[in-house]
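Everything on this sheet refers to the single structure shown next.
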Ligand code: SF4
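In this note's numbering, the protein residues as written are -1 to 405.
Given below as C-alpha cells:
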C-alpha cells in the first residue's frame, strides 16, 4: 500500500466512503490517570481544561473575586491564587464561597503556607518541591494533602531546579527536569498519594517541549502544560502557541495555562484558540479568510467582520471559509463545512463540498448565515452536535492511545 493509499484509508470511516471534508488528525493522547479537582476531571479522556491565575494580592478578596468572575465569564475552568502570606491563606475560604470554578492555591518557598492553605477549602495545591526547603517538608505537605483529600500539582521549573541536578547535567535541561519530577513522584507514591498533576515548565520553548515529551514516555500522571513567563502579548501568545502546539499534536496536555503579562482574562481566549487551531478542543466556529490581494473584487474585510460579529457566542464547531476569488476559493470553500468563493460583486456558497447557492455581494452575509443555521439544524438532527464531549470524542474517530512506558 502506498503512503497515499494508507492516508485515504485513514480518513475514510468506511472502505469506499468519501473522505471527511477535512483531514482528521489521528491524535494519540498521552494516557493519563484522572484527577478530580473540585468536581472538574483532569486527565484520561476528559477535555483539556483551561486555567488561569489572578493578579491582585490574594487577601484583597473583592478584587480577586471580581477578576475570577471575569475569568469565569471568559470560559476559565479552574483558577489559581498565590498564597505567600498567612493573610492570603486566611482569605481562601471567603474567595471559594464567592466563585463557581475550582480554586487552586499556589505555594512557593514556605511549606508552612502550604500547610496553612490546606486548612481551607481549596480544590488543589500547587507546589514546587524544589523550593520549599527540603524533602521532609515536601513529605509533610503530601501527608496533609492526602489526609484532606486535596490533589496537588508538582510544578518543576527549569529556573528553580535542584542544584545537584543542574551540576549533574551541566544546565537545567529536559532530562534534569524529568529526573527531578520523577523523584518527587516516587516520594509521593511512597506516601500512597496519587492525586497528582505534573508540570515541567520553562520559558524556553524547546526545553519545555522536550521535557514534557520525555516525561510522557515515563509516567501517567496528567500534565499541566504551559510556557512560563512568556511575556507580553502578542509575542507571548505566539510563543505559547509555539510551545504548546507540538505537545497538543503529540496528545500531551490535560490542562493548560497561557501566561501573559498583565490582565489574565485574555489568557483564556488565547488558550481556547490554541486548542481550536490544533483541533484538540473545538467549541466555536472557525472562520477561515484569505489575506486578500490585488485579485480581490469584493469588500472581503467588511464581509468577514460582519460574519465574525454574527458568530459571537455561537458554540457550533463549524468551519466557515470566506475567500476573495476563484484562485483558491472553490478549493478552500469545498474543504470547509460552509464556504464562499467570491468573484466580481458575487459569489458561490458551498456546503459540504457542493455548490448550494449563487449570491450577490450584497446578499452574501445573510445567505451565508442562513446556510450556517441550516447546517446546524441538519447536524443536530443527525446527532452530530452533542456538545463538547462529542467534539472531543467524535471528531477524532481514529484516535488511538499511546502506550504508557514506565521508566
Ligand atoms: Fe488573493 Fe484570491 Fe488568494 Fe484571496 S483567494 S488572497 S483574493 S488570490
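Note that beta-carbon positions come from the ideal geometry of N, C-alpha and C, so glycine has one too.
Inset, instruction - Give me the Cα-Cα distance between residue 296 and residue 79, rounded to the nearest whole angstrom. - result: 49 Å
Inset, instruction - Check whether the Cβ of residue 293 lies closer than 7 Å to any heavy atom of the ligand SF4, and answer yes or no. - result: Residue 293 Cβ: within cutoff of the ligand SF4.
Inset, instruction - Identify every run of the alpha helix (DSSP H) within the region 208 to 262, keeping only runs that are complete inside it and at least 4 residues long; order them along the chain. - result: 233 to 247
Inset, instruction - Could you pull out every residue in the same chain whose Cβ sits closer than 7 Å to the Cβ of residue 184, ignoring the five residues on either side in sequence? - result: none
Inset, instruction - Could you check the C-alpha separation between residue 118 and residue 264 for me, to the nearest Å? - result: 29 Å
Legend entry - CA nearest to the CA of residue 148, picked from 172, 354, 199 and 116: 116
Legend entry - residue 76 beta carbon less than 8 Å from that of residue 102: yes
Inset, instruction - Give, in chain order, every unbroken run of the beta strand (DSSP E) that is at least 3 residues long and sits entirely within the region 284 to 363. - result: 284 to 287, 317 to 321, 336 to 340, 344 to 349 and 352 to 358
Legend entry - Proximal residues to residue 288 (C-beta, below 6 Å), its chain only, five neighbours per side dropped: 321 and 322
Legend entry - Whole-Å CB distance - residue 467 paired with residue 109, under 8 Å assumed: The requested residue 467 is not part of the displayed model; the chain covers only -1 to 405.
Inset, instruction - With a threshold of 16 other CB atoms inside 10 Å of the CB of residue 100, please say whether the residue is buried or exposed. - result: Buried is the call here.
Inset, instruction - Using a threshold of 8 Å, state whether the C-beta atoms of residue 122 and residue 191 are closer than that. - result: no
Inset, instruction - Using only the heavy atoms of the ligand SF4, determine whether one of them is closer than 7 Å to the beta carbon of residue 290. - result: yes
Inset, instruction - Flag residue 325 as yes when its Cβ comes closer than 7 Å to any non-hydrogen atom of the ligand SF4, and as no otherwise. - result: yes
Inset, instruction - Report yes if the C-beta of residue 322 is less than 7 Å from at least one heavy atom of the ligand SF4; otherwise report no. - result: yes
Inset, instruction - Within 10 angstroms of the Cβ of residue 87, are there 16 or more other Cβ atoms? Answer buried if so, exposed if not. - result: Residue 87 should be labelled buried.
Inset, instruction - Note down, in chain order, each residue of its chain lying with its Cβ closer than 7 Å to the Cβ of residue 226, except the 5 sequence neighbours on either side. - result: 155, 199, 200, 201 and 257
Inset, instruction - Can you tell me the Cβ-Cβ gap for residue 49 and residue 278, rounded? I've got them flagged as a contact below 8 Å. - result: Their Cβ separation, rounded to whole angstroms, is 15 Å, which puts residue 49 and residue 278 out of contact at 8 Å.
Legend entry - Alpha-carbon spacing of residue 70 relative to residue 81, whole angstroms: Between the alpha carbons of residue 70 and residue 81 lies a gap of roughly 21 Å.
Inset, instruction - For the alpha helix (DSSP H) containing residue 93, list its first residue and its last residue. - result: Note, residue 93: alpha helix (DSSP H), 84 to 96.
Legend entry - Distance between residue 363 and residue 294 (C-alpha atoms, nearest Å): 17 Å
Inset, instruction - Answer with buried or exposed for residue 25, where buried requires no fewer than 16 other C-beta atoms within 10 angstroms of its C-beta. - result: buried
Legend entry - Contact under 8 Å by Cβ, residue 285 with residue 318: yes
Legend entry - Rounded separation between residue 245 and residue 197 - CA only: 13 Å
Legend entry - Range of the contiguous beta strand (DSSP E) that encloses residue 122: That run of the beta strand (DSSP E) goes 122 to 125.
Legend entry - Residue burial classification, residue 237 (beta-carbon count within 10 angstroms, cutoff 16): Label assigned to residue 237: buried.
Legend entry - Contacting residues, own chain, Cβ-Cβ under 7 Å from residue 85 (five flanking each side not counted): 57
Inset, instruction - Determine the DSSP secondary structure at residue 58, reduced to helix, strand or coil. - result: coil
Inset, instruction - Would you check if there are 3 or more beta carbon pairs closer than 8 Å linking the region 358 to 375 to the region 298 to 307? - result: yes
Legend entry - Endpoints, the beta strand (DSSP E) within which residue 134 is located: In this chain, residue 134 is not harboured by any beta strand (DSSP E); it is covered by the alpha helix (DSSP H) spanning 133 to 146.
Legend entry - For residue 205, three-class secondary structure by DSSP: helix
Legend entry - residue 197 (DSSP reduced to helix, strand or coil): strand
Inset, instruction - Assign residue 76 to one of three DSSP states: helix, strand, or coil. - result: strand
Inset, instruction - Please classify residue 280: does DSSP put it in a helix, a strand, or coil? - result: Residue 280 carries a coil assignment under DSSP once its states are collapsed to helix, strand and coil.
Inset, instruction - Taking residue 38 as part of the beta strand (DSSP E), name the residues at either end of that continuous run. - result: 38 to 40
Inset, instruction - Could you tell me which of 357, 283, 292 and 344 sits nearest to residue 373, measuring between CA atoms? - result: 283
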